[in-house]
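Worksheet: one structure, shown below.
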Amino acid sequence: MSPRNDDSKLKVEAFDGSNYALWSYKMKMYLMSKGLWGAVSGEGDVTAVKEQQAHAAIVLNLKDSQLMHVIDAATAKDAWAKLENFHRTQDMANRLWLKEKFASFKYTASSIKDHVMELRRWC
Numbered sequence: 250m251s252p253r254n255d256d257s258k259l260k261v262e263a264f265d266g267s268n269y270a271l272w273s274y275k276m277k278m279y280l281m282s283k284g285l286w287g288a289v290s291g292e293g294d295v296t297a298v299k300e301q302q303a304h305a306a307i308v309l310n311l312k313d314s315q316l317m318h319v320i321d322a323a324t325a326k327d328a329w330a331k332l333e334n335f336h337r338t339q340d341m342a343n344r345l346w347l348k349e350k351f352a353s354f355k356y357t358a359s360s361i362k363d364h365v366m367e368l369r370r371w372c
């Protein structure tokens, strides 16, 4: 089998709610490799079959814990938007929390190692 036809390397790990930015990038690349990204981006002519394939690819690459976000999505574009809206908001909230926490963090009499470990626990 030629490398071009080997789909085993085109798998995307099912999204479990962590690191949306990385998953969405990989998923976009996967959909692009299959000629399905247009169903999400709205660019070009998308057949009903390609729309269904893109929608199925997105949903089937989600862990059960994430299905609630897309269960009522009628299209691939809608499913993508629902995931993005939810997880981008979560990412922003986490960044703001970390920024506030970091700004108020004070060094105590503990060792530097303990101090660094405390910082790492936040992430």
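Quick note, our numbering runs 249 ahead of the 1-based positions in the sequence shown.
Think of the CB as a built atom: it goes at the ideal place given N, C-alpha and C, for glycine as much as any other residue.
Neighbourhood of residue i by C-beta distance below 7 angstroms, restricted to the same chain and skipping five residues each side
i, result
"Val-289", "Leu-280, Ala-303, Ala-325, Lys-326, Trp-329"
"Gly-293", "Gly-287"
Where the alpha helix (DSSP H) through residue i begins and ends
i, result
"Val-289", "287–290"
"Leu-280", "269–282"
Proximal residues to residue i (C-beta, below 8 angstroms), its chain only, five neighbours per side dropped
i, result
"Pro-252", "The pLDDT assigned to Pro-252 is 49, lower than 50, so where the model puts this residue is not dependable, and the model offers no usable value."
"Thr-357", "His-364"
"Phe-300", "Checking the sequence, you will find Glu at residue 300 rather than Phe. So the list reads Ala-288, Thr-324, Ala-325, once near-sequence residues are dropped."
Assigned secondary structure, residue i (DSSP; H/G/I helix, E/B strand, else coil)
i, result
"Phe-351", "helix"
"Leu-316", "helix"
"Leu-259", "coil"
"Val-295", "coil"
"Ala-323", "coil"
"Thr-338", "helix"
Bridge-paired residues (DSSP) for residue i
i, result
"Leu-311", "Phe-264"
Residues of its chain near residue i, where Cβ-Cβ distance is below 6 angstroms and the 5 sequence neighbours each way are ignored
i, result
"His-318", "Lys-331, Leu-332, Phe-335"
"Trp-272", "Phe-264"
"Tyr-269", "His-336"
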